[in-house]
Structure formats: C-alpha cells, structure tokens
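For reference, the structure discussed in these notes is given below.
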Amino acid sequence: MDRMASFGPSLSYHGKIGYLIEPLADPTGCKEVDPPYSDWIALVRRGGCPFATKVRNMQRSGAIAVVVGDPDHQSNWITMYAPGDTSDINIPSVFVAKNEYRSLLYLSKLVDTPLMILLQLDDFLSWPLLDVLMIIFVSPSIIMIFIYISWHIRQRNRKYNEVASIHIVSSLSMKHFDLDKWIENEAEECAICLEEYLKGDRLRILPCKHDFHLNCVDAWLLTQKKFVSKHVSLFV
Numbered sequence: 166m167d168r169m170a171s172f173g174p175s176l177s178y179h180g181k182i183g184y185l186i187e188p189l190a191d192p193t194g195c196k197e198v199d200p201p202y203s204d205w206i207a208l209v210r211r212g213g214c215p216f217a218t219k220v221r222n223m224q225r226s227g228a229i230a231v232v233v234g235d236p237d238h239q240s241n242w243i244t245m246y247a248p249g250d251t252s253d254i255n256i257p258s259v260f261v262a263k264n265e266y267r268s269l270l271y272l273s274k275l276v277d278t279p280l281m282i283l284l285q286l287d288d289f290l291s292w293p294l295l296d297v298l299m300i301i302f303v304s305p306s307i308i309m310i311f312i313y314i315s316w317h318i319r320q321r322n323r324k325y326n327e328v329a330s331i332h333i334v335s336s337l338s339m340k341h342f343d344l345d346k347w348i349e350n351e352a353e354e355c356a357i358c359l360e361e362y363l364k365g366d367r368l369r370i371l372p373c374k375h376d377f378h379l380n381c382v383d384a385w386l387l388t389q390k391k392f393v394s395k396h397v398s399l400f401v
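Structure follows, in structure tokens:
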C-alpha cells in the first residue's frame, strides 16, 4: 500500500522498474550519495529532513524513484507535502506504511544482488475518476433496484395467495333470484353493492350458503380476498 507525494511527477500506468536499494551512506536520504547501481530506486526512512529534500538528494544521486517509509511508527498512509517550488523534482516518490517499509527493507537485504521491483500504485488509486464515481453512486442504485424488484415480486406472490383461483370460483353454485320463491331469512340485497335483488339476477352461492350478485362476488374473490367478510363467509 503506497501513496504518491504531492510533488514531483506521478507514476505512469506501467510504473517504474528498478533496483530497490537503501543508501547505506545515509539511510534517511538527507544527503547525496554515490549511485550504488544504475536504474536504482532509493528506499529511505522518514525523519532527519523534509520529504522534498530526500527526493532531491536521491534524484541528484541518480535514483529513478524514491520510496519513503517509517520503520518506527504505525503511520499508515501519509501524503508527502513540500512548501515552496518543487518544479525541479522530476522523479516520482511514494510513502509506504511501517509494515510495508520493513518488508521491503528485509527483502532488499535478503540476497547480495540488488532486488528488482516494479513500483506501481494500487489499482484502485489508478482508476479514472469516472470509474470511482460509478462505483460510489451507481452500485447503490443497482442494489436499490434489486431490492425494489424483490419487494414487488413478494407483493405479487402475496396478492396471488390471497385471492381465489378462477376455476374454483367458476365451480361454485349459482342461481337466478326469484322473489316468488324467496323464503324468510334469505337476503334481499347484495351485501357487496348493497343493491336489492331483482327477478332474474344471477346470484353466486358460497359454501357458507350466503349469496351475492355473481358479478360482484366473483370480482371480489378474484381480485381482492378469498373471503367476503369474516363475519359473513369464508372461502378458501
């Protein structure tokens, strides 16, 4: 994990390939050293002088890039700033956290020959701004659309389970209302539309023996509920 300095050029997409070497004459990079190798990348520790001074000294010492780290403090990411004019700095520099710095230092001294590395920014930091904005704003929108579709499907399934199927409704008995054959305690009006039955009206008879206008109760059972009223009748 690394962070580019606020001064000097940025790393290109392809990064920098070189030999990672700690300048033994001055591990802090606060003074110029003899180039230990061609195409070398200076690994220096934090402290002793400003960041820009370190980079300038390593640039004059032939380094193609500089890696600065803090071996003593868990500083995580630090952006290296520099006051004043830094237009003379023409090599990239990055800051690495404590663990990364110690790992790089260990690997650079593990063998006698210089360690070749590819200095490259984390992929996330090199993404174009548009890609980052799409992740930040578009991803939540996609999640919200998915949640809405899931909710809509659940509502539709719930609605489907609450209404009666057409083949069950059509199988219920029906009759034509005839006032001459009306007997006491039979309903004279439809409890749904509250209109009185007229001779010849088609009535649907539910299992509870209550009757309603066929059009009224069929529409209710097919689009609203499986029952007309918990006090009047229940149809499952």
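Following the numbering used here, the numbering of the sequence shown begins with 166 at its first residue and continues without gaps.
Beta carbons: idealized from backbone N, C-alpha and C, even for Gly.
Counting C-beta pairs closer than 8 Å gives three or more between the stretch 176-186 and the stretch 274-286, which meets the contact rule.
Short of 7 Å from the beta carbon of V334, and not among the five residues preceding or following it, lie these beta carbons of its own chain, in chain order: D383, L386 and L387. Assignment of D376 by DSSP, reduced to helix, strand and coil, places it in the strand class.
In the DSSP assignment, K364 falls outside any alpha helix (DSSP H) and carries neither an H nor an E. A Cβ-Cβ contact shorter than 7 Å links S171 with Y246. Per DSSP, reduced to three states, the secondary structure at V198 is coil, with no helix or strand assignment. For H341, the enclosing beta strand (DSSP E) stretches over residues M339 to H341. Annotation: the stretch 215-241 contains the following complete segments of the beta strand (DSSP E) (minimum length 3 residues), in chain order: 230-234. In this structure, the alpha-carbon of L280 lies about 5 Å from that of L185.
With fewer than 16 other Cβ atoms inside 10 Å of its own Cβ, C358 counts as exposed. In this structure, A217 places its C-beta atom within 7 Å of the C-beta atom of T251.
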